[in-house]
Amino acid sequence: MPQAEIGVIGLAVMGQNLVLNMSDHGYRVAVYNRSPETTEAFISGAAREHDIIPCYALEELVRELRAPRKVMLMVRAGEPVDQLIAQLTPLLSAGDIIIDGGNSRFTDTERRVVETAGAGIRYLGCGISGGEEGARHGPSIMPGGDASAWPEVRPLLQDIAAAVDGQPCCQWVGGGGSGHYVKMVHNGIEYGDMQLISEAFHLMRCGLDLEVDQIQQVFADWNKGVLDSYLIEITADILAYRDADGLPLVDKILDSAGQKGTGKWTGISALDLGIPLTLIAEAVFARCLSARNAERERAATLYPQDTTRFTGDSTQAVSDLHDALYAAKITSYAQGYMLMQEAAEEYGWDLNYGDIALMWRGGCIIRSRFLGNIKEAFDRERTLQNLLVDPFFIDAIRAAEPGWRRTLALGIERGLPLPALGSALAFFDGYRSARLPAYLLQAQRDYFGAHTYERVDRPRGEFFHTDWTGRGGSKASSSYNA
Numbered sequence: 014m015p016q017a018e019i020g021v022i023g024l025a026v027m028g029q030n031l032v033l034n035m036s037d038h039g040y041r042v043a044v045y046n047r048s049p050e051t052t053e054a055f056i057s058g059a060a061r062e063h064d065i066i067p068c069y070a071l072e073e074l075v076r077e078l079r080a081p082r083k084v085m086l087m088v089r090a091g092e093p094v095d096q097l098i099a100q101l102t103p104l105l106s107a108g109d110i111i112i113d114g115g116n117s118r119f120t121d122t123e124r125r126v127v128e129t130a131g132a133g134i135r136y137l138g139c140g141i142s143g144g145e146e147g148a149r150h151g152p153s154i155m156p157g158g159d160a161s162a163w164p165e166v167r168p169l170l171q172d173i174a175a176a177v178d179g180q181p182c183c184q185w186v187g188g189g190g191s192g193h194y195v196k197m198v199h200n201g202i203e204y205g206d207m208q209l210i211s212e213a214f215h216l217m218r219c220g221l222d223l224e225v226d227q228i229q230q231v232f233a234d235w236n237k238g239v240l241d242s243y244l245i246e247i248t249a250d251i252l253a254y255r256d257a258d259g260l261p262l263v264d265k266i267l268d269s270a271g272q273k274g275t276g277k278w279t280g281i282s283a284l285d286l287g288i289p290l291t292l293i294a295e296a297v298f299a300r301c302l303s304a305r306n307a308e309r310e311r312a313a314t315l316y317p318q319d320t321t322r323f324t325g326d327s328t329q330a331v332s333d334l335h336d337a338l339y340a341a342k343i344t345s346y347a348q349g350y351m352l353m354q355e356a357a358e359e360y361g362w363d364l365n366y367g368d369i370a371l372m373w374r375g376g377c378i379i380r381s382r383f384l385g386n387i388k389e390a391f392d393r394e395r396t397l398q399n400l401l402v403d404p405f406f407i408d409a410i411r412a413a414e415p416g417w418r419r420t421l422a423l424g425i426e427r428g429l430p431l432p433a434l435g436s437a438l439a440f441f442d443g444y445r446s447a448r449l450p451a452y453l454l455q456a457q458r459d460y461f462g463a464h465t466y467e468r469v470d471r472p473r474g475e476f477f478h479t480d481w482t483g484r485g486g487s488k489a490s491s492s493y494n495a
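Shown next as structure tokens:
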């Protein structure tokens, strides 16, 4: 007699903690891992006080599941997911559900939704954020795929998700690969937030010559206001941590950042869709630059930096930096939402942008206070074109702008790189400019390639070509794509 309400395949850290979370909420779970030793260690260790069913073959797992069977995959993205789907499909029946809870690329999920539907299997791609702690106590969950499967899994997923003001941080995202797409954008924004915070720390440490203890207090104070967020909170914790010798551990960490690819995927998607996702792209490139340690160390000897002590008003500089961080963070989210809006148009998804902000308010890595303001912005105007034109964010940016500019000027004066803070301001200045230098660029394109241009004194859609030298022809190569 089938006993389990869901099966979970993959017992790494995230898989184990999700299983324990489900068990805590009264769900009977069957588990399987490719390595039997891992299953044994889990059952006799972390799960020893839980009623969890260990399985040592996929056939055994499937037999333990109640109909319609629900199988969650918590395995490495890519080929391992396709291999498991191929093994599971002959064992499942029409109407059964496969849930991919890993960090799969959204294009893979789009394909798998279609492929499994051919066998009568309902497929969901669920972005899950929150790390080990979130998985155990309540993550943010972003489900998409076959809409008919949502009512079947909704109670379980919303039970185990984080909740804010009584609302679960798990809402239906949309069809196809939209769930994993929204998770991808979440991770891209995470890249941006982490880079912004790191730049703020570095400017205080190396530009204002503040001690780690002083900076730790700044972050602790910031976490009580509009910058209140998980990443600000853990930064304060990190700066308070001391190594065995009593000195701050952060100063001993090699400045070479790793990445798993979701930030890069976000940037690639933005390029494909023509969205200026400048801040997240700079955050990815900053990690790439950090990895070139030997080159940077040599360049540092060739181009020595100014090492004179800061003699200005550090209190004002920290206040300015607070405003710069807040404004840049708003800009990053504005860009992320631009990308999701364009993707929804391109892939035919009906995304609820307020619900996405709600899902990100708890459980996930980018959870922060002002996500509630984003939810309110889309409640006011569901078809809001850009967060930067919402009244709340207009007031916030206007108030923060002077400090934002002073911060960038200070960074330039002190010779410190602020790529994310700087790209955010450049985007803002471009976004609010009625006229950009692209008119000269269009003339250049027409000069060397006859790519044509439009005129401000003629209707849109009319294209012109000029024989700039008197030696060219009148034939244009094509009209340009804006």
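Counting from 14, one number per residue, gives the positions in the sequence shown under the numbering used here.
Beta carbons: idealized from backbone N, C-alpha and C, even for Gly.
Original post:
Mapping DSSP to helix, strand and coil, what is Ile110?
Top reply: Along the sequence shown, one-based indexing puts residue 110 at 97. When secondary structure is reduced to three states using DSSP, Ile110 falls in the strand class.
Subject >> Between the CA atoms of Gly375 and Val195 - distance to the nearest angstrom >> reply: For this step, residue 195 is matched to residue 182 along the sequence shown. For this step, residue 375 is matched to residue 362 along the sequence shown. Whole-angstrom Cα-Cα distance: 15 Å.
**OP:** Write down every uninterrupted run of the alpha helix (DSSP H) in the stretch 178-251 whose length is 4 residues or greater and which is fully enclosed by it, in chain order.
**Re:** Taken in chain order, the complete alpha helix (DSSP H) segments of 4 residues or longer contained in the stretch 178-251 are 191-215 and 225-235.
**OP:** Rank Pro472, Arg41 and Arg305 by C-alpha distance to the C-alpha of Glu77 and give the top, closest one.
**Re:** Locating residue 77 in the sequence shown gives position 64, where the first residue counts as 1. Per the Cα distances, Arg41.
Original post:
How would you label Cys301, buried or exposed, when you count the other beta carbons within 10 angstroms and need 16 or more for buried?
Top reply: Reading the sequence shown from its first residue, position 288 is the one you call residue 301. By the Cβ neighbour-count rule, Cys301 is exposed, with fewer than 16 other Cβ atoms within 10 Å of its own.
Original post:
CA-CA distance, Tyr243 and Leu431?
Top reply: On the sequence shown, residue 243 is found 230 positions in, with the first residue counted as 1. On the sequence shown, residue 431 is found 418 positions in, with the first residue counted as 1. So the two alpha carbons sit approximately 22 Å from each other.
Original post:
Per DSSP, which one or two residues make a beta bridge with Pro261?
Top reply: Within the sequence shown, residue 261 is the residue found at index 248, counting from 1. Residue pairing from DSSP places Pro261 in a beta bridge opposite Arg255.
Original post:
By Cβ distance below 7 Å, which residues in the same chain neighbour Trp481 in space, the five residues on each side in sequence not counted?
Top reply: To locate residue 481, count along the sequence shown from 1; it is residue 468. Result list for Trp481: Tyr460, in chain order.
**OP:** Give the range of the alpha helix (DSSP H) segment to which Met27 is assigned.
**Re:** In the sequence shown, residue 27 corresponds to position 14, counting from 1. Element bounds for Met27: Val26 to Asp37.
Original post:
How far does the alpha helix (DSSP H) with Arg427 in it reach, from first residue to last?
Top reply: Walking along the sequence shown from the start, residue 427 turns up at place 414. Arg427 -> alpha helix (DSSP H) spans Pro404 to Arg427.
Original post:
In the DSSP assignment, what are the bridge partners of Ile154?
Top reply: On the sequence shown, residue 154 is found 141 positions in, with the first residue counted as 1. DSSP lists Ile141 and Cys183 as partners of Ile154.
Original post:
Going by the CB atoms, is the gap between Ile378 and Ser142 shorter than 8 Å?
Top reply: Walking along the sequence shown from the start, residue 142 turns up at place 129. Walking along the sequence shown from the start, residue 378 turns up at place 365. A Cβ-Cβ contact shorter than 8 Å links Ser142 with Ile378.
Subject >> Exposure of Pro152, with buried meaning 16 or more beta-carbon neighbours within 10 Å >> reply: Position 139 of the sequence shown, counted from the first residue, corresponds to residue 152. Result: buried.
Subject >> Straight-line gap, Gln171 to Glu165 (C-alpha atoms, nearest Å) >> reply: Here residue 171 refers to the residue found at position 158 when the sequence shown is read from its first residue. Here residue 165 refers to the residue found at position 152 when the sequence shown is read from its first residue. One C-alpha to the other measures close to 11 Å.
**OP:** Figure out for me which residue from Val402, Tyr466 and Tyr444 has the closest Cα to the Cα of Leu453.
**Re:** Taking the sequence shown and counting its residues from 1, one reaches residue 453 at position 440. Here the closest residue by C-alpha is Tyr466.
Original post:
Do you know offhand how far Asn365's Cα is from Leu371's?
Top reply: Residue mapping note: residue 365 aligns to position 352 of the sequence shown, counting from 1. Residue mapping note: residue 371 aligns to position 358 of the sequence shown, counting from 1. Straight-line Cα distance between these residues: approximately 10 Å.
Subject >> Proximity below 8 Å, CB of Glu128 to CB of Gly189 >> reply: Stepping through the sequence shown from its first residue, residue 128 is reached at position 115. Stepping through the sequence shown from its first residue, residue 189 is reached at position 176. No.
**OP:** Excluding the 5 residues preceding and the 5 following Leu105 in the sequence, name in chain order all residues of the same chain whose CB lies nearer than 7 Å to its CB.
**Re:** Along the sequence shown, one-based indexing puts residue 105 at 92. Setting aside the 5 residues that flank it on each side, Leu105 is surrounded in the same chain by Val75, Arg82 and Ile134, each with a C-beta closer than 7 Å to its C-beta; the list follows chain order.
**OP:** Give the DSSP-derived three-state secondary structure of Arg374 in the structure shown.
**Re:** Numbered from its first residue, the sequence shown carries residue 374 at position 361. Secondary structure at Arg374: coil, using DSSP grouped into helix, strand and coil.
**OP:** Count the C-beta pairs between the stretch 248-261 and the stretch 287-302 that are closer than 8 Å, then say yes if the count reaches three, no if not.
**Re:** No: the two stretches stay apart, fewer than three of their Cβ pairs being nearer than 8 Å.
Subject >> Inter-residue Cα distance where the pair is Val402 and Gly179 >> reply: Here residue 402 refers to the residue found at position 389 when the sequence shown is read from its first residue. Here residue 179 refers to the residue found at position 166 when the sequence shown is read from its first residue. Computed Cα separation, rounded: 29 Å.
Original post:
Which runs of the alpha helix (DSSP H) spanning at least 4 residues fall entirely within the stretch 427-452, listed in chain order?
Top reply: Correct list: 432-444.
Subject >> Per-residue DSSP class, three states only, for Lys83 >> reply: The count along the sequence shown starts at 1 and reaches residue 83 at position 70. In the three-state scheme derived from DSSP, where H, G and I count as helix and E and B as strand, Lys83 is classed as strand.
**OP:** Inspect the beta-carbon positions of Val225 and Pro261 and report whether they are closer than 8 Å.
**Re:** If you number the sequence shown from 1, residue 225 lands on position 212. If you number the sequence shown from 1, residue 261 lands on position 248. The Cβ-Cβ distance between Val225 and Pro261 falls below 8 Å.
Subject >> Inside the stretch 260-320 only - alpha helix (DSSP H) runs reaching at least 4 residues >> reply: Counting whole runs of 4 or more residues, the stretch 260-320 contains the alpha helix (DSSP H) stretches 275-286, 291-303 and 306-315.
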